[in-house]
Amino acid sequence: MDWESTEFAEAHRKYRERGVGARLGFGRAAALIIVDFQKAYTRSWRAASLEPVENTRRLLDAARELGLPVIFTHVGWDAAKPDAGVWGIKAPTLLQIQEGTEACEIDPLIEPLPSEKVLLKRVPSAFFGNTLADELRAAGVDTIVVTGTNTSDCVRATVVDGLSHGFRVMVPRDCVADLSPMSARAALFDIDTKYGDVVTADEVLGGFRALHP
Numbered sequence: 001m002d003w004e005s006t007e008f009a010e011a012h013r014k015y016r017e018r019g020v021g022a023r024l025g026f027g028r029a030a031a032l033i034i035v036d037f038q039k040a041y042t043r044s045w046r047a048a049s050l051e052p053v054e055n056t057r058r059l060l061d062a063a064r065e066l067g068l069p070v071i072f073t074h075v076g077w078d079a080a081k082p083d084a085g086v087w088g089i090k091a092p093t094l095l096q097i098q099e100g101t102e103a104c105e106i107d108p109l110i111e112p113l114p115s116e117k118v119l120l121k122r123v124p125s126a127f128f129g130n131t132l133a134d135e136l137r138a139a140g141v142d143t144i145v146v147t148g149t150n151t152s153d154c155v156r157a158t159v160v161d162g163l164s165h166g167f168r169v170m171v172p173r174d175c176v177a178d179l180s181p182m183s184a185r186a187a188l189f190d191i192d193t194k195y196g197d198v199v200t201a202d203e204v205l206g207g208f209r210a211l212h213p
């Protein structure tokens, strides 16, 4: 992404001068991780636009056609044990998203197939407290494409943990959403500089096809 025409131009130049911000590119095999595109965020007052979900659908269709691993995440809490830990102290409205309710359901535009993995999480990262990284490695995956919401929260956390687990990370900027445009831009700059490649849905589609001609 070209950061020179943005408010991050000076910071971008400083990082580049220090050799930070190299491109990762696709590796040998990719997986698609769709973070929290559930009705609580896509079909409620929290929703900004369905466009990122629609763009994610394009990637989902391609991933399915090519037989790539697809992982969905959603957040939700047990109404009988409403404990979101420290995260719940910071964001108490999280507890409004209860398991088994419509708010917890994946958006119908990208409804998972029975064969696709759906992770219920109670923390920002898709990788925390589970075996996802091991499962992806066992499948030969070395590159993850992360879409979803919020860019500055669960998407960013998943990206950082993905890199920490040794995966190349791609984030298509037209497939992520955030309540705050400012927070989203800052998160994307941070990701593109330090943790992954910020790209477009079209670039991801090209990467998928190059890996699986």
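Take 1 as the starting number for the sequence shown in the working numbering and just add one per residue.
Even for Gly, the Cβ is constructed at its ideal location relative to N, Cα and C.
Note that this is a predicted model, so its numbers are computed, not measured.
Legend entry - CB of VAL53 within 8 Å of CB of THR42, strictly: In this structure, VAL53 lies near THR42, with their beta-carbon atoms less than 8 Å apart.
Legend entry - Per-residue burial, LEU120 [other beta carbons within 10 Å of its own, 16 or more giving buried]: Exposed: under 16 other Cβ atoms inside 10 Å.
Legend entry - Nearest-angstrom Cα separation, counted from GLY21 out to VAL118: A direct Cα-to-Cα measurement between VAL118 and GLY21 gives close to 32 Å.
Inset, instruction - Would you kindly report the start and end of the unbroken beta strand (DSSP E) that includes GLY129? - result: First-last for GLY129: undefined, no H or E at that position.
Legend entry - For VAL141, the nearest candidate out of VAL155, PHE208 and TYR15 (CA to CA): Selected option, being the one with the closest Cα: PHE208.
Inset, instruction - Please name the residue or residues paired with GLY148 in a DSSP beta bridge. - result: DSSP lists VAL35 and VAL176 as partners of GLY148.
Legend entry - Which residues DSSP lists as bridging ASP197, in chain order: In the DSSP output, where bridge partners are listed per residue, ASP197 has MET170.
Legend entry - Nearest-angstrom Cα separation, counted from ALA139 out to VAL176: The C-alpha of VAL176 lies about 25 Å from the C-alpha of ALA139.
Inset, instruction - Please state if the CB of PHE167 and the CB of GLU144 are separated by a distance shorter than 8 Å. - result: Note that residue 144 corresponds to Ile in the displayed sequence, not to Glu. In contact: ILE144 and PHE167 (Cβ atoms closer than 8 Å).
Inset, instruction - Indicate, with yes or no, if the ligand SAM has a heavy atom lying under 7 Å from the CB of THR200. - result: This structure lacks the ligand SAM; in fact it carries no ligand of any kind.
Legend entry - Short Cβ contact (8 Å threshold) for VAL169 with VAL159: It is a contact, given that the beta carbons lie within the stated cut-off.
Legend entry - Reference GLU111, options ARG23, PHE189, ALA184 and ARG64, closest by Cα: Nearest Cα to GLU111 within the set ARG23, PHE189, ALA184 and ARG64: ARG64.
Legend entry - At least three beta-carbon pairs within less than 8 Å, the segment 119-136 to the segment 78-91: With a cut-off of 8 Å, the segment 78-91 and the segment 119-136 count as touching, because enough Cβ pairs lie within range.
Inset, instruction - List the residues that DSSP assigns as beta-bridge partners of ALA30. - result: Per DSSP, the beta-bridge partners of ALA30 are THR143.
Legend entry - DSSP three-state assignment for TRP3, whether helix, strand or coil: Here TRP3 sits in coil by DSSP.
Inset, instruction - Taking only runs that begin and end inside the segment 51-130, name each unbroken beta strand (DSSP E) of 3 or more residues, in chain order. - result: Complete beta strand (DSSP E) runs here, min 3: 70-75 and 117-121.
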